[in-house]
Structure formats: structure tokens, C-alpha cells
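Every number in this note's numbering is 104 more than the matching position in the sequence shown, counting from 1. Cβ coordinates follow ideal geometry from the N, Cα and C atoms, glycine included. Note that the structure is predicted; figures quoted are calculated from it, not measured. Everything below concerns the one structure shown next.
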Amino acid sequence: YVQQVAAAIKIVLRSNQPHLVVELDMQRTERYMGISSDTVQLSILNDPKIKLKSEV
């Protein structure tokens with residue numbers, strides 16, 4: 105649930121490639137949930153409903 109760890113979420117539409125920008129609340133993410141930003145990224149990318157792929 106990205107809403108629990110995100111300070112802000114926005115969709116950026118440029119050219120033909122939209123981007124999802126997630127600004128994390130790292131204090132909440134690391135301290136209270138015990139997860140890293142990499143874990144959040146993988147969770148978003150592996151969600152079949154979202155259908156995203158990594159830029160890298």
C-alpha cells in the first residue's frame with residue numbers, strides 16, 4: 105500500500121512515456137514499517153494491476 109509510505113504521488117506525462125513519481129516518507133517507511141525504498145519500488149513494479157516497468 106504505497107499510500108502508507110508516500111508523502112506524495114504524481115504521474116508525469118512527457119513525450120510518449122508517462123512516469124510515476126513517488127516521494128517517500130522515509131521516517132515512516134524505515135522506522136515504523138522496517139522496509140527500504142528498494143522494497144517499495146519492487147512492490148510497485150511487481151503489482152500486476154499497475155503494469156509498470158523499471159527505467160533501468
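Query	Result
Within 10 angstroms of its Cβ, does residue 143 collect 16 or more other Cβ (buried), or is it exposed?	exposed
Is residue 125 near residue 110, with beta carbons less than 7 Å apart?	no
What span of residues does the beta strand (DSSP E) with residue 115 cover, start to end?	110-118
Taking 7 Å as the limit between beta carbons, can you name the residues of its chain near residue 158, skipping five residues before and five after?	149
Please report how far the alpha carbon of residue 147 lies from the alpha carbon of residue 131, in whole angstroms.	18 Å
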